[in-house]
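Student: Here it is: the structure, laid out below.
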Amino acid sequence: MNECNIVLIKKPSSISNDISSFRPISILQTIFKIYTGTLLERIQDKIENCVSSSQAGFFRKRNTLNQILQFCTIIQTCREYKKDLYAIFIDFKKAFDSVNHSWLLYSLAINDFDEELVSTIHILQSKLGIRQGDTLSPKLFILLLEIILKNAQYDLDDCFKKEESNLVKVMIDGTSTVRFKLEFADDIVIYTYDQKLTEKIAQVIEYHARKTGLELNKDKTKMMATQYKKKLDNPIYEVVSNYKYLGRVVSMDLNGDNNDFNERAKATWRARFKNKELLNRADYKNKLKIYNCIIRLATLYSIESMRPTIMLINKFVSLEKKVLFSKKRSILLSASKI
Numbered sequence: 001m002n003e004c005n006i007v008l009i010k011k012p013s014s015i016s017n018d019i020s021s022f023r024p025i026s027i028l029q030t031i032f033k034i035y036t037g038t039l040l041e042r043i044q045d046k047i048e049n050c051v052s053s054s055q056a057g058f059f060r061k062r063n064t065l066n067q068i069l070q071f072c073t074i075i076q077t078c079r080e081y082k083k084d085l086y087a088i089f090i091d092f093k094k095a096f097d098s099v100n101h102s103w104l105l106y107s108l109a110i111n112d113f114d115e116e117l118v119s120t121i122h123i124l125q126s127k128l129g130i131r132q133g134d135t136l137s138p139k140l141f142i143l144l145l146e147i148i149l150k151n152a153q154y155d156l157d158d159c160f161k162k163e164e165s166n167l168v169k170v171m172i173d174g175t176s177t178v179r180f181k182l183e184f185a186d187d188i189v190i191y192t193y194d195q196k197l198t199e200k201i202a203q204v205i206e207y208h209a210r211k212t213g214l215e216l217n218k219d220k221t222k223m224m225a226t227q228y229k230k231k232l233d234n235p236i237y238e239v240v241s242n243y244k245y246l247g248r249v250v251s252m253d254l255n256g257d258n259n260d261f262n263e264r265a266k267a268t269w270r271a272r273f274k275n276k277e278l279l280n281r282a283d284y285k286n287k288l289k290i291y292n293c294i295i296r297l298a299t300l301y302s303i304e305s306m307r308p309t310i311m312l313i314n315k316f317v318s319l320e321k322k323v324l325f326s327k328k329r330s331i332l333l334s335a336s337k338i
């Protein structure tokens, strides 16, 4: 029951055929999935209660859009009041594959999960890391990540008291709350009003993550800043003008929405040509269904986080017309046949 086949799936953004460009997915036995799914049903509510509300990965009623909206709102507010904001996007190397099992079991024990359950989960896990393809594994990873972030926050408590004015306050359910991070599984963004404080938080998180087997990917960990009043002073991490956060291109300047529209347009045409054969065989009614269920979703992803300017709206309308009605690449030959 505990055996599986590993299938390597190439990462969408990878070009080379190096092994690091592939993601290992575990093809598990059906009985294993049923068993771990049953375990998850028993402990899911408790795991959700143990995890901070800033974590949105793999939880009910939480999704990428929540995180994108929160972060874009923070950027827009800082832009409006000309306030400096410093953000670091943390990336881990092979996060799911390098987890230390001792820490995984510790994260369960410290949250008062019973010994029998901890022993069962220990037996089900492989020698190193956790399986990608199992419904229970993402929740276990998030529970471990929560321990890392709590330990980091504990070490930073004194620093936060001194630097309270540099911490960002956001409205959560009508209450002003101090926040310095947003997480979606292992995609973490750290943000404050001070460069050195933001870098210190990232370094403390890196220190505690290393203890559990997680290693920061320095090549993919990036920094963005507004720099209205202060210029960057010897930044530790590579500084970029925009960053693709959870599939949405974000930027500290006014070009963020335009950059993301260009990304949406590329994704739309990719989705259109991936379904070319299916569209060629379908009648007009089914072509519309394919467009609405697959292609249009790529166009409208995270559109709620954009400022609805007339120029941007016209761009989306123009893109849709080209996909549907242009002579060379249209899905539908004429509007009259819809």
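In the UniProt record's numbering, the protein residues as written are 1 to 338. Ideal Cβ placement from N, Cα and C applies to all residues, glycine included. Please read these numbers as outputs of a predicted model, since none were measured by experiment.
May I ask you to verify whether the stretch 80-96 touches the stretch 263-271, counting CB pairs closer than 8 Å and requiring at least 3?
Tutor: no
Student: Skipping 5 residues on each side, what residues in its chain have a beta carbon closer than 8 Å to that of residue 77?
Tutor: 83
Student: With a CB to CB cut of under 7 Å and the five nearest residues on each side skipped, what residues in its chain are close to residue 136?
Tutor: Closer than 7 Å at the Cβ level, and outside the excluded window around residue 136, lie 36, 39 and 40.
Student: Provide the residue(s) that pair with residue 251 in DSSP beta bridges, ordered along the chain.
Tutor: 242
Student: Taking the alpha-carbon positions, what's the residue 294 to residue 278 distance?
Tutor: C-alpha separation (whole angstroms): 12 Å.
Student: For the stretch 92-146, which segments carrying the beta strand (DSSP E) assignment without a break, of at least 3 residues, lie completely within its bounds, in sequence order?
Tutor: none
Student: By the three-class DSSP mapping on this structure, what secondary structure does residue 169 have?
Tutor: strand
Student: How many Å lie between residue 166 and residue 262 at the Cα?
Tutor: 34 Å
Student: Keeping to the same chain, check which residues put their C-beta closer than 6 Å to that of residue 205; ignore five residues upstream and five downstream.
Tutor: 152
Student: What does the Cβ neighbour count give for residue 34, buried or exposed, with the cut at 16 atoms within 10 Å?
Tutor: exposed
Student: For residue 209, which residues in the same chain have their Cβ closer than 8 Å to its Cβ, ignoring the five residues on either side in sequence?
Tutor: 92, 148, 215 and 216
Student: Taking contact to mean at least 3 C-beta pairs separated by less than 8 Å, is the stretch 279-287 in contact with the stretch 115-122?
Tutor: No, the stretch 279-287 does not touch the stretch 115-122.
Student: Just to check my reading of the structure: residue 145 and residue 130 have Cβ atoms closer than 8 Å, yes? What is that Cβ distance to the nearest angstrom?
Tutor: By a beta-carbon distance limit of 8 Å, residue 145 does not contact residue 130. Their separation comes to about 12 Å.
Student: Using the three-state DSSP reduction, which class does residue 336 fall into: helix, strand or coil?
Tutor: Only weak support is given to the placement of residue 336: the predicted model assigns it a pLDDT of 43, under 50, and the value that follows is read from those uncertain coordinates. Helix.
Student: Quick one: is residue 273 buried, meaning 16 or more other Cβ sit within 10 Å of its Cβ, or exposed?
Tutor: It is exposed - the Cβ of residue 273 has fewer than 16 other Cβ atoms within 10 Å.
Student: If you run the structure through DSSP and keep just helix, strand and coil, what is residue 89?
Tutor: strand
Student: Could you work out which residue in 192, 181, 150 and 183 is closest to residue 164 when comparing CA atoms only?
Tutor: 192
Student: What does the Cβ neighbour count give for residue 30, buried or exposed, with the cut at 16 atoms within 10 Å?
Tutor: exposed
Student: Between the Cα of residue 180 and those of 25, 55 and 47, spot the shortest distance and give me the residue it belongs to.
Tutor: 55
Student: Assign residue 336 to one of two classes, buried (16 or more other C-beta atoms within 10 Å of its C-beta) or exposed (fewer than that).
Tutor: Bear in mind that a pLDDT of 43 at residue 336, under 50, signals an unreliable position, so the model cannot answer this.
Student: Quick one: any contact between the stretch 218-230 and the stretch 100-113, if contact means 3 or more CB pairs under 8 Å?
Tutor: By the C-beta criterion, the stretch 218-230 is judged not to be in contact with the stretch 100-113, since fewer than 3 inter-stretch pairs fall below 8 Å.
Student: Which word fits residue 289, buried or exposed, when buried means at least 16 other C-beta atoms lie within 10 angstroms of its C-beta?
Tutor: exposed
Student: Thinking residue 66 and residue 213 are a contact (beta carbons under 8 Å), I'd like their distance in whole angstroms, please.
Tutor: At roughly 28 Å, the Cβ-Cβ gap does not stay under 8 Å, so residue 66 and residue 213 are not in contact.
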